[in-house]
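J.:
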Amino acid sequence: MATGIKDKVAILGMGCSRFGERWDCGSEQLINEAFGEALLDAGIERRQIGAAWYGSALDRVNVGNSAIPLATALRLEGMPVSRVENMCATGTEALRGAAYAVACGAVDIALAIGAEKLKDTGYGGLPVPTKGTLADLWMPYGSAPAGFAQLAAGYRARYRLSPQELKQAMARVSWKSHVNGAKNPKAHLRKAVEMETILKAPMIAEPLGVFDCCGVSDGAACAIVTTPQIAHELGKRESLVTIKALQLSASSGREQSTGEWDGSYVQNTRNAARAAYREAGIDDPRKQLSMLEVHDCFSITELVTMEDLGVSADGQAWRDVMEGVFDADGALPCQIDGGLKCFGHPVGASGLRMVYEHYLQLQGRAGSRQLKNPTLGLSHNLGGVPYNGVCAISIVGLAGV
1 MATGIKDKVA ILGMGCSRFG ERWDCGSEQL INEAFGEALL DAGIERRQIG
51 AAWYGSALDR VNVGNSAIPL ATALRLEGMP VSRVENMCAT GTEALRGAAY
101 AVACGAVDIA LAIGAEKLKD TGYGGLPVPT KGTLADLWMP YGSAPAGFAQ
151 LAAGYRARYR LSPQELKQAM ARVSWKSHVN GAKNPKAHLR KAVEMETILK
201 APMIAEPLGV FDCCGVSDGA ACAIVTTPQI AHELGKRESL VTIKALQLSA
251 SSGREQSTGE WDGSYVQNTR NAARAAYREA GIDDPRKQLS MLEVHDCFSI
301 TELVTMEDLG VSADGQAWRD VMEGVFDADG ALPCQIDGGL KCFGHPVGAS
351 GLRMVYEHYL QLQGRAGSRQ LKNPTLGLSH NLGGVPYNGV CAISIVGLAG
401 V
């Protein structure tokens, strides 16, 4: 019977590039920036890595559709290297491949890296059909902002919130991320923004304004994983971080083809969360988790995710947000590094970037944004739209917790 991978895989080292508009470099430089930090942190030589997984979802202009660009950028001579993509869950998918390889004994040490050079592609989140049926139709639900605006409408209708109540809560989600991002030297956006500015920003897809939406960035993040035993043999004993759970849930089309879904939650997140908590041995996530990194592609997504993860009661996340539960000094800090909103969202790197923040926090290396004695961190990615997408959840923590 399957037992999961809890504590079977340790993180030997991690690295992350600076996120932003990196016009000064290409994908290969971003990859090396993240990998160089991870390799130094791990204290090994690259020849000791047995296999690598490369996550890139949208940067086809620079990386094509194979893993050769990673092997070339890092000079991984003769090494088995795989390229994976799973929408916004791509970075976590790369970590899943590397972790599973170590857990099953296929290799002793594995590399997971996610990278995206989106600014050069012109990708901005609003698709422009060029030909075919879609080009001839007006599809208001066809963009990411439109899809998640429907989540806001569904949530407000179910819990009978006024437009002002929901707008205030969403604005506070974004306000918090800007406050946190200002403390992060690797973040794309490093400026605090006043609530009034967020509330009065131009509308993108009602009720989502400019500050309710994350942008896209260039960046890379990287993890080197091994077994706890090998980590100990390599001298990694203090504050060793292990993987407690890695789970994935993909849409089957049910939300779109039945009348069961009311648009107020994301079923995939609930599915993945249940499986992750079971694998990690967590029965009270609000009390047991120390910190969260969730997929705040839009402010409403973060708010609804709190209920989908079970850290807020259904219909109460907006109150928890307004009461500061998820602030840096709150009961359960979320997006302590600025999140997608401010750290940035190079799609293929985001899942690994989230784990990178938890890794630093667990080892007491997060600088001015360091939390007090964290033990468990949950990362959440959501690719696609609420009614048709994929969710990935990873939970990492100190060994023995």
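If you read the sequence shown in full-length UniProt numbering, its first letter stands for residue 1, the second for the next number, and so on. Where a beta carbon is used, it is the ideal one built from N, C-alpha and C, also for glycine. Note that the coordinates shown come from a computational prediction; the quantities given were computed from them, not determined experimentally.
#1: State the DSSP-derived secondary structure class of residue 437, mapped to helix, strand or coil.
#2: Going by DSSP, what residues sit across from MET203 in a beta bridge?
#3: Starting from ASN86, follow its DSSP beta bridges and name the residues at the other end.
#4: To the nearest angstrom, how far is the alpha carbon of ALA38 from that of LEU360?
#5: Determine the burial state of ASN381: buried for a count of at least 16 other Cβ atoms within 10 Å of its Cβ, exposed for fewer.
#6: Please state the DSSP three-state secondary structure of residue 402.
#7: Should ALA52 and MET14 be called a contact, given that it needs their Cβ atoms to be closer than 8 Å?
#8: What is the rounded straight-line gap between the Cα of VAL55 and the Cα of ALA34?
#9: At which residues does the alpha helix (DSSP H) containing ASP320 begin and terminate?
#10: Assign ARG22 to buried or exposed, taking buried as 16 or more other Cβ atoms, counted over all protein chains shown, within 10 Å of its Cβ.
#11: Decide if the segment 245-262 is in contact with the segment 386-398; the criterion is three or more beta carbon pairs, one per stretch, under 8 Å apart.
#12: Given GLY132, which residues of its chain have a CB within under 6 Å of its CB, disregarding the five upstream and five downstream residues?
#13: Excluding the 5 residues preceding and the 5 following GLU93 in the sequence, name in chain order all residues of the same chain whose CB lies nearer than 7 Å to its CB.
#14: Does PRO207 come within less than 8 Å of chain B when only Cβ atoms are used?
#15: How long is the line joining the alpha carbons of ALA10 and LYS236, rounded to whole angstroms?
#16: If you run the structure through DSSP and keep just helix, strand and coil, what is MET291?
#17: Thinking VAL173 and GLU302 are a contact (beta carbons under 8 Å), I'd like their distance in whole angstroms, please.
#18: From ASP262 to ARG270, what does the alpha carbon distance come to, in whole angstroms?
#19: Give me the Cβ distance between ALA349 and GLY114, rounded to the nearest whole Å; I'm assuming they're in contact under 8 Å.
#20: Going by beta carbon distance, what residues of the same chain come within less than 6 Å of SER312, once the five residues before and after it are set aside?
#21: Would you list the one or two residues that DSSP bridges to TRP53?
#22: Judging by CA-CA distance, which residue of ILE109, LEU240, LYS117 is the nearest neighbour of ALA220?
#23: Quick check: the segment 332-343 against the segment 292-302, are at least 3 beta-carbon pairs closer than 8 Å?
#24: DSSP state of THR226, grouped into three classes?
#25: Does the Cβ of ASP41 have 16 or more other Cβ atoms within 10 Å, making it buried, or fewer, making it exposed?
#26: Counting only runs that start and end within the segment 224-286, where is the beta strand (DSSP E) found for 3 or more residues in a row?
#27: What is the DSSP secondary structure of ALA2, reduced to helix, strand or coil?
#28: Take THR165 as the anchor and find which of ILE300, ARG365, GLY91, MET203 has the nearest alpha-carbon.
T.: On the basis of the data shown:
#1: Outside the shown range of the chain (1 to 401) lies residue 437, about which nothing can therefore be said.
#2: GLY209
#3: Answer is CYS88.
#4: C-alpha separation (whole angstroms): 12 Å.
#5: buried
#6: Summary: the structure shown does not reach residue 402, with the chain confined to residues 1 through 401, and so no result is reported for it.
#7: No.
#8: At residue 55 the sequence reads Gly, which differs from the Val that was named. GLY55 and ALA34: Cα-Cα distance of roughly 13 Å.
#9: Annotation: the continuous alpha helix (DSSP H) that includes ASP320 extends over 317-322.
#10: buried
#11: Per the Cβ contact rule, the segment 245-262 is in contact with the segment 386-398 (3 or more Cβ pairs under 8 Å).
#12: Per-residue confidence for GLY132 stands at a pLDDT of 49, beneath the threshold of 50, marking its modelled position as unreliable; the derived number appears in the next sentence. The answer is none, since no qualifying residue turns up.
#13: GLY55, VAL84, ASN86, ALA392
#14: Considering every chain present, this structure includes no chain B. It has just one protein chain.
#15: 10 Å
#16: strand
#17: 5 Å
#18: 15 Å
#19: 4 Å
#20: Take SER312, set aside five residues on each side of it, and the residues of its chain with a beta-carbon closer than 6 Å to its own are MET306, ASP320, in chain order.
#21: SER82, ALA112
#22: Just measuring C-alpha positions, the residue of ILE109, LEU240, LYS117 sitting nearest ALA220 is LYS117.
#23: yes
#24: strand
#25: Buried, by the Cβ-count rule.
#26: 241-250
#27: In this structure, ALA2 counts as coil in the three-state DSSP scheme.
#28: According to the sequence shown, residue 165 is Glu rather than Thr. Checking every option, the nearest Cα to that of GLU165 belongs to ILE300.
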